[in-house]
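Below: one structure, written as structure tokens.
Numbering (the working numbering), first residue to last: 2 to 123.
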């Protein structure tokens, strides 16, 4: 069976792959590691490139820098999943929270599978 990926699926795959690659670097301490900066910058570049390509296809002359500045200026006026995702590439704390949430899910799944294996071997 063949599934065709839509634009949202493409982005989710890119984002999930990126988080899978880096989530183990993050921990819940208040101190931010130096490596977070390089991961954040890499993420910004990845997301900007994806959004810019998609929007340039639809909006001739689209300017990513102006779009990012507008997002920051209006962040208190917007809500929802799409805005939360967009905020992750302009707001470091939102970005870090996304990774901590992803890490928590990965860790809970890992503990779940370890528990299943332990039960299977008892």
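Yeah, the Cβ is synthetic: ideal placement off N, Cα and C, and Gly gets one too.
Is it buried or exposed, residue i, if we count other Cβ atoms within 10 angstroms and call 16 or more buried?
i	result
residue 23	buried
residue 17	exposed
From what residue to what residue does the alpha helix (DSSP H) around residue i run?
i	result
residue 38	35-59
residue 73	65-74
In its own chain, which residues sit with a C-beta less than 8 angstroms from the C-beta of residue i, not counting the 5 before and 5 after it?
i	result
residue 96	41, 44, 89, 90
Report the rounded CA-to-CA distance for residue i versus residue j, giving the unit in angstroms.
i	j	result
residue 58	residue 37	32 angstroms
residue 110	residue 85	24 angstroms
residue 71	residue 78	11 angstroms
residue 74	residue 64	16 angstroms
Report all residues from its chain with a CB closer than 7 angstroms to the CB of residue i; omit the five preceding and five following residues, and keep chain order.
i	result
residue 103	20, 24
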